[in-house]
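Protein chains in written order, with this note's numbering: chain A, 1 to 349; chain B, 1001 to 1365.
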């Protein structure tokens, strides 16, 4: 399967934070034959493994998070409208009139309500409603909705993807399944003999809805890697935003030069990019990175970790945008990373 | 190509036709009506169909005239500038709630370039800003252009954009539809089906019947006015969609009408107070044929009846609207049974209005 199709297919799988298991059958079928093994751990992390065939091989971890932002039903109201709460950080500006899929006993389409402005007071018009103030219009009677969409039912944005100019791909749930698809695609194209160690591709859960990278931390503990990268989307250029706080689309991957990540390792990765002519953009982080990198780094007795980013615009909306050139660059980087013997030498053993 | 029912509603609604730019919609209307009737497009770009009357009671010397009107334009956007970084600045065309703009898919310009209404990320907003509504002045369309020069290859200032939001059937027993621009391509579709049914059933009415596919309604400068001045009807039926608020959290007093309870026959809105005998006729007709109908429960909104009833020496008007959730946004929701009820009610008004004493009498004869 071509990379773009793999990204769209992965992004279209339902994996609302806390309900990541919905995506597992689809992911296993998408990646069928690409890996030597896969495991699901007690909390639901999914890990795919490619063995190097070397004795006493290093364990290299690539983490991407499986979960996506979404919602969960908290009340079934009169008229079959659903009240929901957020799972992960929803952008309230994008909710009204948004189209959703309700992942109930039957999968159903719905529209998030929007109140007619001319039936609202001036104050109401100027106030942004959050998800708990809105409802999902299901088109079902209350009685049927209670049967089909009981409290606790997950809701996601209706999957849709379109190509924009210059290789841009716009649509739902690219955060972070686009990165997962790139990693799987990259690993599938490498001969076992070239691998610098056994590679663990972790699809971790609960990145969006836990402050402690709970999925990545537990997943990493089980793998006990020698070193790791967390691959997540990175904030792309946007209107009214300082240039140095974002990365450009079409200019390569980002490398987080962060106070919390291993600097020697980060520098080695940038040197690898230079050597292999892989375009990258350093992005400085004066605080924790807000990615799974933190959970991985602090797992068990600590894991040397770096954070690699795929530039993405409109993060946490239904129209996240990536550039396919960058996705291809990420594939190139991951191939260089897992085949590099020098990276492992940074830490010794 | 010819379509009918929901397929026709879908075809017209998915067409690109913001105010002042309805050519694509009108060409679909012409195609759908080909062989059924003559169409004519006036110098204001309003498409009309005239079905001559005949038979008993028809006064050839001074024919009574009835005008059915629906607007072909939809709300959309006008590109007002192209930034150095390739983002497009835009302003809404028609009354779009800023709360439904951010993050939406749109189609831009004559080349129909896909784009996304974008803003700074929430990750870059402080707590105060996260409570604010972003209006068009803080939003830009991202088409993926590298810079201004790149964008100018595809889009020019003055180009239009519309929501990119296709037709979906959903809900229990597929009872609901969702699409952009149902306001008021639904009315356009119903007019086309009424014309076809008249032909199919060989219906001849004792008055000249006109159907108008107008423009300009969404910006309050409706060409329904010029059309009605030209035709000078004795009676006019305005098909529309009406914003309602039959959703949780909305006070009962503001629930204008209810999806699924039939065509909405307005007694009063912000443009018109409808005549009692016209309302009585409409509800009597609905009852006679067993067609679901409801009235408005709250005075709000307006439609082309407002301009039509003030044209010439004045026109008796009737408004039939479809109760529509999330009007003027990307995802309008209507009930299939309401669409069917309105289509049937319009047909019965056409068949019965001449026999109702006085409603289309001529003041000159």
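Beta carbons are placed, not taken as given, at the ideal position from N, Cα and C, and that holds for glycine.
Other residues of its chain near residue i: CB distance less than 7 angstroms, five sequence neighbours each side excluded
i	result
residue 368 of chain A	What the structure shows of chain A is the stretch from 1 to 349, and residue 368 of chain A is not part of that stretch, so it cannot be assessed.
residue 1056 of chain B	1206
residue 1010 of chain B	1167 and 1179
residue 44 of chain A	20, 21 and 205
residue 23 of chain A	13, 14, 15 and 66
residue 1117 of chain B	1101, 1102, 1103, 1104, 1106, 1139 and 1141
Closest residue to residue i among the options (Cα-Cα distance)
i	options	result
residue 3 of chain A	A:323, A:146 and A:66	A:323
residue 1172 of chain B	A:301, A:109, A:38 and A:5	A:109
residue 1327 of chain B	B:1274, B:1259 and B:1231	B:1259
residue 6 of chain A	A:20, A:22, A:18 and A:34	A:34
residue 239 of chain A	A:204, A:13, A:313 and A:36	A:313
residue 1210 of chain B	B:1024, B:1237 and B:1181	B:1237
residue 1208 of chain B	B:1089, B:1054 and B:1014	B:1054
residue 300 of chain A	A:309, A:225 and A:268	A:225
residue 1063 of chain B	B:1233, B:1336 and B:1332	B:1233
residue 285 of chain A	A:31, A:151, A:184 and A:308	A:308
residue 1199 of chain B	B:1050, B:1289 and B:1075	B:1050
residue 184 of chain A	A:139, A:63, A:141 and A:161	A:63
residue 1112 of chain B	B:1008, B:1241, B:1267 and B:1016	B:1016
residue 1301 of chain B	B:1065, B:1203 and B:1268	B:1268
Distance, residue j Cα to residue i Cα
i	j	result
residue 116 of chain A	residue 1097 of chain B	8 angstroms
residue 386 of chain A	residue 128 of chain A	An answer regarding residue 386 of chain A cannot be provided, because it is not within the stretch 1 to 349 covered by chain A.
residue 216 of chain A	residue 201 of chain A	11 angstroms
residue 172 of chain A	residue 1281 of chain B	50 angstroms
residue 1029 of chain B	residue 178 of chain A	42 angstroms
residue 420 of chain A	residue 111 of chain A	Here chain A has residues from 1 to 349 only, and residue 420 of chain A is not among them.
residue 106 of chain A	residue 206 of chain A	24 angstroms
residue 1132 of chain B	residue 118 of chain A	18 angstroms
residue 320 of chain A	residue 89 of chain A	14 angstroms
residue 1140 of chain B	residue 77 of chain A	36 angstroms
residue 1086 of chain B	residue 1157 of chain B	12 angstroms
residue 192 of chain A	residue 26 of chain A	25 angstroms
residue 1193 of chain B	residue 244 of chain A	58 angstroms
residue 219 of chain A	residue 252 of chain A	28 angstroms
residue 39 of chain A	residue 237 of chain A	37 angstroms
Within-9 angstroms CB hit, residue i to chain B
i	result
residue 323 of chain A	yes
residue 86 of chain A	no
residue 432 of chain A	Shown here, chain A extends from 1 to 349; a query on residue 432 of chain A therefore has no answer.
residue 326 of chain A	no
residue 115 of chain A	yes
residue 141 of chain A	yes
residue 127 of chain A	yes
residue 71 of chain A	no
residue 289 of chain A	no
residue 138 of chain A	yes
residue 225 of chain A	no
residue 118 of chain A	yes
residue 211 of chain A	no
residue 166 of chain A	yes
residue 64 of chain A	no
is_contact[residue i, chain A] using C-beta, thresh 9 angstroms
i	result
residue 996 of chain B	Within the shown structure, residues of chain B are numbered from 1001 to 1365, placing residue 996 of chain B beyond reach of any answer.
residue 1103 of chain B	yes
residue 1142 of chain B	yes
residue 1165 of chain B	yes
residue 1063 of chain B	no
residue 1244 of chain B	yes
residue 1010 of chain B	no
residue 1331 of chain B	yes
residue 1162 of chain B	no
residue 1090 of chain B	no
Own chain partners of residue i with C-beta closer than 8 angstroms, once the 5 adjacent residues on each side are dropped
i	result
residue 92 of chain A	128, 129, 130 and 131
residue 1261 of chain B	1292, 1294, 1323 and 1338
residue 155 of chain A	16, 70, 71, 72, 73, 82, 84, 100, 101, 102, 103, 110 and 136
Same chain, Cβ closer than 6 angstroms to residue i, five either side skipped, listed in chain order
i	result
residue 1257 of chain B	1244, 1264, 1294, 1296 and 1323
residue 306 of chain A	229, 261, 265, 266 and 269
residue 1308 of chain B	1224, 1228, 1236, 1315 and 1317
| field | Every unbroken alpha helix (DSSP H) inside the region 266-331 of chain A [4 residues or more] | value | Every unbroken stretch of the alpha helix (DSSP H) spanning 4 or more residues and falling wholly within the region 266-331 of chain A is given here in chain order: 293-297.
| query | Could you give the uninterrupted runs of the beta strand (DSSP E) lying entirely in the region 1050-1094 of chain B, keeping only those of 3 residues or more? | reply | 1065-1071, 1076-1082 and 1088-1093
| query | Unbroken beta strand (DSSP E) runs of length 3 or more, entirely within the region 1236-1274 of chain B: which are they? | reply | 1263-1265
| message | Report the start-end ranges of each beta strand (DSSP E) in the region 1299-1356 of chain B that is 3 residues or longer and not cut off at the edges. | response | 1316-1324 and 1332-1335
| Where in the region 106-188 of chain A do unbroken runs of the beta strand (DSSP E), each at least 3 residues long, occur, reported from the N-terminal end onward? | 107-112, 135-137, 154-157, 161-163 and 168-171
| Which parts of the region 27-60 of chain A are runs of the beta strand (DSSP E), unbroken and 3 residues or longer, counting only runs that do not cross its ends? | Here the runs fully enclosed are 37-40 and 46-50.
| request: Just list the alpha helix (DSSP H) runs in the region 1096-1163 of chain B, keeping only unbroken ones of 4 residues or longer that don't cross its boundaries, in chain order. | output: Counting whole runs of 4 or more residues, the region 1096-1163 of chain B contains the alpha helix (DSSP H) stretches 1148-1152.
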